[in-house]
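Structure first, commentary second.
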Amino acid sequence: LMQRGLKFFPVVGWAERGGGNAIGHGNSVPRFHITWGTGPGVLEPFVQRVREAQKRGLISFKFRHRVNELTRTGATVDGVRGDILQPSTVERGYKSSREISGDFELHAQAVIVASGGIGANHQLVRENWPQRLGGAPKRMIAGVPDHVDGRMLAITEQAGGSIINRDRMWHYVEGIKNWAPIWTDHAIRILPGPSSLWLDALGKRLPVPLYPGFDTLGTLSHIMSTGFDYSWFILTKKIIQKEFALSGSEQNPDLTGKSWRQVLGRATSGIPGPVKAFMEKGEDFIVEAELPKLVSRMNALAGGEPLLELAEVEREIRARDRQLDNPFSKDMQITALRGARAYLGDRLIRTAKPHKMLDPANGPLIAVRLNILTRKTLGGLQTDLESRVLGVDGQPVAGLYAVGEAAGFGGGGVHGYAALEGTFLGGCIFSGRSAGRAAAASVA
């Protein structure tokens, strides 16, 4: 990848610390590499090569062409058929018109499906929701654009492809509604440091080791077991300015714009601009100097019913704060955040110095309602090691390939039931390379 022009931010992150023991799931070391330039930085070297191929007449683009069917000659998939949609000028990610202006049919020696998963189709998410994670959320917000609807998966299945591991999903529990949405129910994920106090909808602290940034699916399962589909962070100004990162290239202008000056400003200039904007405009954020007012507004945001009792919330926070009176602690979260600060990368830019939340000098207090955010589809079209789509008989469907999330990031579910941060993009790139090489060899 580096030979292709990709570069990486030098501080390696630690976004999924794991389930609490040495042989359990999770990362033993930091391994979350952020690309320099974020998503656009990943695409840039590949887009450049594709544009060069276009100039040489090797590639043509068919924007606004919606596939309805894969065509076959005998047992071989040899093309696509569908609708030509009206031209659209909306920017990337926004929902565009689906008004039809014509139809089309194209044929080729190989067809590669790279249409993504089902994250924006909440009905389909609920239909495939795994029982091991409890009941499906009544309310979810979308971490992917509207076009990630699973439509092409069904079309490929109709052409003979086998879909497996439908119940394998990777959804996040730290979702907040975007105050400036691009797509429907646009969600942003908080990538938190380890210090925020995590409470369920009734004000009970989440159990060990369900701390921020530790165990995504374990936390999701626990939250769904409470009978509610949201939870709360309580934190301070000192925590948010050091520990809150937001997903999305537009939420990280310093990294996306490859600006070292802005990156250094993030580490030294207080609350990052995108985070501050959510504090001021985001519907899930509450900022108050005093705990009683904070809890009152939390109840109001949750619908007005007094689910949170001030005395219970205050007891949890004071008990946590007392564990900072000496260098020792029986609070495992305090121990964990001290351990996090032993890693220089976390100490510099991701983990606040331990402090008491109810000390006014560390305020104001901040509460954040955390929603279930749909994101990754871990199952998908079953493929072999050459990214060839397999039928229900286990044999390759001639002429048909699938890559990326449409293929469960490879094979129809290469991750199993869970995953680690940074492994999704790798599966997309690797399965795409395998498909390209195999398709090229088959038509040579």
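Position 324 of the sequence shown, counted from 1, bears residue number 324 in the numbering used here, the numbering being contiguous throughout.
C-beta: ideal position from N, C-alpha, C; glycine also.
key: Cα-Cα separation between His-147 and Ser-115, rounded to whole angstroms   = For the purposes of this step, residue 147 is taken as the residue at position 147 of the sequence shown. For the purposes of this step, residue 115 is taken as the residue at position 115 of the sequence shown. Their backbone Cα atoms lie some 9 Å apart in a straight line.
inquiry  = What would DSSP say about Met-447, mapped onto helix, strand or coil?
reply    = Look at the range of the chain in this structure, 1 to 444, and you will see that residue 447 is not part of it.
request  = In the DSSP assignment, find the alpha helix (DSSP H) that holds Met-357 and state where it starts and stops.
outcome  = The sequence position of residue 357 within the sequence shown is 357, counting from 1. Per DSSP, Met-357 belongs to no alpha helix (DSSP H) and is neither H nor E.
ask   = Which two residues bound the contiguous beta strand (DSSP E) that contains Ala-319?
value = In the sequence shown, counting from the first residue as 1, residue 319 sits at position 319. Per DSSP, Ala-319 belongs to no beta strand (DSSP E); it is in the alpha helix (DSSP H), 310-322.
inquiry  = Pull the bridge partners of Asp-200 from the DSSP assignment, please.
reply    = Within the sequence shown, residue 200 is the residue found at index 200, counting from 1. Looking at the DSSP assignment, Asp-200 forms a beta bridge with Ser-231.
inquiry  = Once DSSP output is grouped into helix, strand and coil, what is the label at Arg-168?
reply    = Position 168 of the sequence shown, counted from the start, is the residue given in the question as residue 168. Coil.
ask   = Quick one: what does DSSP say Gly-410 is sitting in, helix, strand or coil?
value = Sequence index remark: in the sequence shown, residue 410 carries index 410 (1-based). DSSP places Gly-410 in coil when its eight states are reduced to three.
ask   = Counting Cβ pairs closer than 8 Å, one from the region 198-218 and one from the region 226-244, do we hit at least three?
value = yes
query = Would the beta-carbon of Gly-379 fall within 7 Å of that of Ile-164?
reply = Within the sequence shown, residue 379 is the residue found at index 379, counting from 1. Within the sequence shown, residue 164 is the residue found at index 164, counting from 1. Closer than 7 Å, so yes.
query = What are the residues that DSSP puts in a beta bridge with Glu-280?
reply = Taking the first residue of the sequence shown as 1, we reach residue 280 at position 280. In the DSSP output, where bridge partners are listed per residue, Glu-280 has none listed.
N-terminal and C-terminal residue of the beta strand (DSSP E) that Asp-78 is part of = Walking along the sequence shown from the start, residue 78 turns up at place 78. Per DSSP, Asp-78 belongs to the beta strand (DSSP E) from 76-85.
ask   = Which of the three DSSP states, helix, strand or coil, is assigned to Ala-245?
value = Indexing the sequence shown from 1 puts residue 245 at position 245. Three-state DSSP puts Ala-245 in a strand.
query = Start and end of the beta strand (DSSP E) containing Ile-372?
reply = Locating residue 372 in the sequence shown gives position 372, counting from the first residue. It spans 365-377 - the beta strand (DSSP E) in which Ile-372 sits, taken as one unbroken run.
request  = Using beta-carbon positions only, say whether Arg-66 and Asp-83 come within less than 7 Å of one another.
outcome  = Residue numbering aside, residue 66 sits at position 66 when the sequence shown is read from its first letter. Residue numbering aside, residue 83 sits at position 83 when the sequence shown is read from its first letter. Yes.
task = Taking 7 Å as the cut-off, decide whether the C-beta atoms of Asp-346 and Ala-352 are in contact.
result = Locating residue 346 in the sequence shown gives position 346, where the first residue counts as 1. Locating residue 352 in the sequence shown gives position 352, where the first residue counts as 1. No, these two residues do not count as a Cβ contact at 7 Å.
task = Would you kindly check if the distance between the Cβ of Glu-312 and the Cβ of Gly-175 is under 7 Å?
result = Counting from one through the sequence shown, the residue named residue 175 turns up at place 175. Counting from one through the sequence shown, the residue named residue 312 turns up at place 312. No, they are not a contact pair.
ask   = So, are the CB atoms of Trp-371 and Ile-190 less than 7 Å apart?
value = If you number the sequence shown from 1, residue 371 lands on position 371. If you number the sequence shown from 1, residue 190 lands on position 190. The amino acid at residue 371 is misidentified as Trp; the sequence shows Asn. Contact: no.
ask   = If you check the beta carbons only, do Lys-276 and Asn-362 fall under 7 Å apart?
value = Mapped onto the sequence shown, residue 276 falls at position 276. Mapped onto the sequence shown, residue 362 falls at position 362. Not a contact, by the Cβ cut-off of 7 Å.
task = Report the rounded CA-to-CA distance for Glu-44 versus Thr-377, giving the unit in angstroms.
result = Against the sequence shown, residue 44 aligns to sequence position 44. Against the sequence shown, residue 377 aligns to sequence position 377. Distance between the alpha carbons of Glu-44 and Thr-377: 25 Å.
request  = Let me know the secondary structure DSSP gives Phe-46 once reduced to three states.
outcome  = The residue labelled residue 46 in the question sits at position 46 within the sequence shown. In the structure shown, Phe-46 sits in a helix (DSSP, three-state: H, G or I).
Segment limits, beta strand (DSSP E) that includes Phe-430 = As a first step, residue 430 must be located in the sequence shown, where it is residue number 430. Where Phe-430 is concerned, there is no enclosing beta strand (DSSP E), although the alpha helix (DSSP H) it sits in stretches over 423-443.
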